[in-house]
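Numbering (our numbering), first residue to last: 2 to 73.
For glycine and all other residues, C-beta sits at the position ideal for the given N, C-alpha and C.
Keep in mind that this is a model prediction, so the values were computed, not measured.
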């Protein structure tokens, strides 16, 4: 769903490309999180989970900054 939404990001093609790329990386990190826990590699699972979490909140932070930056 995020990939679909990235196509409508305000900010032109640069923003759309950035969000699209971030969505792809997020999906990969989340896939690796599940794959590692299924292989019982808990330390790798933890590392991939932190990456997935960081990517998720990078997108949230960018969207929160959007309104104040548009005002400036």
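Leaving aside the five residues before and after residue 49 along the sequence, list all residues of the same chain whose C-beta is less than 7 Å from its C-beta, in chain order.
Here residue 49 corresponds to residue number 48 of the chain shown, with the count starting at 1. Only 30, 33, 34 and 37 meet the Cβ criterion.
With respect to the alpha helix (DSSP H) encompassing residue 24, which residues constitute its N-terminal and C-terminal limits?
Numbered from its first residue, the chain shown carries residue 24 at position 23. 13-39 is the extent of the alpha helix (DSSP H) around residue 24.
Three or more C-beta pairs closer than 8 Å, one from the stretch 51-63 and one from the stretch 16-29: is that the case here?
yes
What's the C-alpha gap between residue 19 and residue 47?
Along the chain shown, one-based indexing puts residue 19 at 18. Along the chain shown, one-based indexing puts residue 47 at 46. Rounded to whole angstroms, residue 19 to residue 47 spans 26 Å at the Cα level.
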